[in-house]
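*Asks:* All residue numbers for the sequence shown refer to the numbering used here, where the first residue is 22 and numbers rise by one.
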Amino acid sequence: MRLYSRREFNIIALGAVTLTVLESAQVLADDPCAVQHPFMPPRKEFMGQCPNCGMVRSMWARTWMTFENSAGKQEVCSFHCLADMAIKSGEKPQSVETALYVIPEKMVPANTAWFVVGSKAKGTMTLNSKIAFPSEKEAEEFTKSCGGKPQSFSDTFKLALDELSKEKVMVGQKRIKDGKIVEPVDNKDQCPVCQMYPARYPKNRCQLIDKEKAIHHFCSTQCLFQFLKDPKPFVSKDVSPMMIWVTDYPSGSWISAKTAYFLVGSRVQGPMGQEALAFDKNAEALSLSRQESGDVLMFKEVSFEKIKPKE
Ligand SMILES: [Zn+2]
Ligand SMILES: [Zn+2]
């Protein structure tokens with residue numbers, strides 16, 4: 022028996038590994054339910070981020086959706102965020118388009134697509150997946166091996182609305198558990214702008230996660246927007262935000278700043294005096310503005326100058 026040299030042995034071992042990888046890829050291709058979702062590694066050709074939850078299209082492209090409302094054209098990661106933004110705005114989404122699950126490059130009008138609900142294939146932001154196919158026939162074909170039920174867009178949207186409040190609780194708990202949102206700690210995490218402790222302001226605290234995954238805690242939106250205007254006086258290096266969480270003023274829950282409604286210029290005072298009070302629902306922001314004055318603005322319209330005008 023001939024002994025292999027170290028080099029020959031390495032080549033043989035490498036071959037064995039490659040073969041195993043090829044075999045498992047083959048299994049994947051034969052099983053229509055084992056479509057890779059989310060993409061790992063992320064696929065850079067898909068650009069975009071869900072403003073409602075921060076998830077990126079380069080990973081979650083298979084369930085991506087676009088729509089229009091009075092604020093313009095929007096994109097979301099999933100039916101969950103589509104339904105959530107409908108509730109937040111109080112508006113029915115218009116001109117909804119959906120990515121096809123197996124051809125995520127392709128966006129089609131949602132009312133021409135068919136959705137398989139509750140199959141073995143994974144969804145996004147839900148335990149009850151809702152994935153799009155170009156026709157009823159193709160949706161039905163998929164259910165034969167992967168289970169689930171084919172439905173129209175309007176029925177699937179109704180279901181997403183019904184499931185929303187339960188899912189929001191679940192998603193909120195998971196974000197804390199996974200460290201996507203970190204509660205500020207009293208006497209430890211300081212607001213970089215005013216040096217106060219954000220943990221003491223449970224109706225106003227906010228946090229920014231930068232591209233390097235560092236978390237910056239703020240006592241309030243006034244300090245947050247002052248920081249966003251120019252972070253340099255407060256931190257040693259430049260900060261590019263990946264995600265910003267603010268507090269829903271009525272409930273104290275964390276919500277995405279990008280899809281929040283801000284009451285600016287009201288009589289209600291916060292940790293720094295004048296604030297942009299954040300709301301999950303436009304209707305609740307408008308209701309407080311009728312009692313306490315002020316204007317309801319979207320994230321893009323808010324600025325430090327609008328929160329604290331020069332006297
Ligand atoms: Zn989302
Ligand atoms: Zn502050």
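Glycine included, each C-beta is placed from N, C-alpha and C at the ideal position.
Note that this is a predicted model, so its numbers are computed, not measured.
Using 8 Å as the Cβ pair cut-off and three pairs as the minimum, do the segment 228-242 and the segment 201-220 touch?
*Replies:* They touch, by the three-pair rule.
*Asks:* Looking only at its own chain, which residues have a Cβ that is under 6 Å from the Cβ of residue 77, when we skip the five neighbours before and after it?
*Replies:* For the purposes of this step, residue 77 is identified with residue 56 of the sequence shown, where counting begins at 1. Closer than 6 Å at the Cβ level, and outside the excluded window around residue 77, lie 70.
*Asks:* Does the segment 96-113 come close enough to the segment 137-149 to have 3 or more Cβ pairs within less than 8 Å?
*Replies:* With a cut-off of 8 Å, the segment 137-149 and the segment 96-113 count as touching, because enough Cβ pairs lie within range.
*Asks:* By the three-class DSSP mapping on this structure, what secondary structure does residue 168 have?
*Replies:* Residue numbering aside, residue 168 sits at position 147 when the sequence shown is read from its first letter. Correct three-state label for residue 168: coil.
*Asks:* Using only the alpha-carbon positions, how far apart do residue 109 and residue 301 sit?
*Replies:* Residue 109 sits at position 88 when you count from the first residue of the sequence shown. Residue 301 sits at position 280 when you count from the first residue of the sequence shown. Each residue's alpha carbon lies about 6 Å from the other.
*Asks:* Quick one: give me the first and last residue of the beta strand (DSSP E) that residue 75 is part of.
*Replies:* Counting from one through the sequence shown, the residue named residue 75 turns up at place 54. Residue 75 -> no beta strand (DSSP E), and no H or E assigned at all.
*Asks:* Nearest to residue 139 by CA position, among 120, 132, 161, 118, is which residue?
*Replies:* For the purposes of this step, residue 139 is taken as residue 118 along the sequence shown, with counting starting at 1. Ranking 120, 132, 161, 118 by Cα distance to residue 139 puts 161 first.
*Asks:* When you measure from the CB of residue 214 to every non-hydrogen atom of ligand 2, does any distance come out below 7 Å?
*Replies:* Counting from 1 along the sequence shown, the entry for residue 214 is found at position 193. For ligand 2, at least one heavy atom lies less than 7 Å from the Cβ of residue 214.
*Asks:* What residues in its chain sit with their C-beta under 6 Å from that of residue 331, if we drop five residues either side in the sequence?
*Replies:* As a first step, residue 331 is located in the sequence shown; it is residue number 310 there, counting from the start. The answer is none, since no qualifying residue turns up.
*Asks:* Below 8 Å on the Cβ atoms is my guess for residue 74 versus residue 277; work out the distance and round it to an integer in Å.
*Replies:* Within the sequence shown, numbered from 1, the residue matching residue 74 stands at position 53. Within the sequence shown, numbered from 1, the residue matching residue 277 stands at position 256. With a Cβ gap of about 6 Å, residue 74 and residue 277 count as contacting.
*Asks:* Quick one: residues in its chain with C-beta nearer than 6 Å to the C-beta of residue 96, no 5 flanking neighbours on either side, listed in chain order?
*Replies:* Here residue 96 is taken as the residue at index 75 of the sequence shown, counted from 1. Answer for residue 96: 69, 87, listed in chain order.
*Asks:* Please list the terminal residues of the continuous alpha helix (DSSP H) segment that includes residue 126.
*Replies:* The residue given as residue 126 occupies position 105 in the sequence shown. Looking at the DSSP string, residue 126 is not in any alpha helix (DSSP H), and its letter there is neither H nor E.
*Asks:* For residue 214, which of 313, 153, 229 has the nearest alpha-carbon?
*Replies:* The count along the sequence shown starts at 1 and reaches residue 214 at position 193. Of the candidates 313, 153, 229, the one whose C-alpha sits nearest the C-alpha of residue 214 is 229.
*Asks:* Indicate whether residue 112 and residue 99 have their beta-carbon atoms separated by less than 8 Å.
*Replies:* Taking the first residue of the sequence shown as position 1, residue 112 is located at position 91. Taking the first residue of the sequence shown as position 1, residue 99 is located at position 78. Cβ distance not < 8 Å, so residue 112 and residue 99 don't count as in contact.
*Asks:* Rounded to whole angstroms, what's the CA-CA distance from residue 212 to residue 118? Just pull it up for me.
*Replies:* On the sequence shown, position 191 is the one that residue 212 refers to. On the sequence shown, position 97 is the one that residue 118 refers to. Answer to the nearest angstrom: the Cα atoms are 41 Å apart.
*Asks:* What are the complete alpha helix (DSSP H) segments, minimum 4 residues, inside the segment 224-309?
*Replies:* DSSP runs (the alpha helix (DSSP H)) wholly in the segment 224-309: 242-250.
*Asks:* Give me the residue from 289, 268, 196 with the minimum Cα distance to residue 224.
*Replies:* Locating residue 224 in the sequence shown gives position 203, where the first residue counts as 1. Nearest C-alpha to residue 224: 268.
*Asks:* Does any heavy atom of ligand 4 sit closer than 7 Å to the C-beta of residue 68?
*Replies:* Ligand 4 is absent from the structure shown, which contains only ligand 1 and ligand 2.
*Asks:* Quick one: residues in its chain with C-beta nearer than 7 Å to the C-beta of residue 315, no 5 flanking neighbours on either side, listed in chain order?
*Replies:* Reading the sequence shown from its first residue, position 294 is the one you call residue 315. 284, 285, 286, 287, listed in sequence order.
*Asks:* At a cut-off of 7 Å, would you count residue 240 as near ligand 2, judging by its Cβ distance to the nearest heavy atom?
*Replies:* As a position in the sequence shown, residue 240 is number 219, starting the count at 1. True, at least one ligand heavy atom lies under 7 Å from that Cβ.
*Asks:* Is the beta carbon of residue 282 closer than 8 Å to that of residue 319?
*Replies:* Along the sequence shown, one-based indexing puts residue 319 at 298. Along the sequence shown, one-based indexing puts residue 282 at 261. Yes, these two residues count as a Cβ contact at 8 Å.
*Asks:* Using a Cβ-Cβ cutoff of less than 6 Å, which residues in the same chain neighbour residue 247 once the five nearest sequence positions on both sides are dropped?
*Replies:* Numbered from 1 along the sequence shown, position 226 holds the residue referred to as residue 247. Closer than 6 Å at the Cβ level, and outside the excluded window around residue 247, lie 214, 325.
*Asks:* Which of helix, strand or coil does DSSP assign to residue 186?
*Replies:* To locate residue 186, count along the sequence shown from 1; it is residue 165. Three-state result, residue 186: helix.
*Asks:* As a quick check of your reading: which residues have a C-beta less than 7 Å from at least one non-hydrogen atom of ligand 1, in chain order?
*Replies:* Those satisfying the condition are, in chain order, 71, 73, 74, 76, 97, 98, 99, 101, 102, 146.
*Asks:* Looking at the strands, I want to know which residues DSSP matches up with residue 318.
*Replies:* By one-based count along the sequence shown, residue 318 stands at place 297. According to DSSP, residue 318 bridges with 283.
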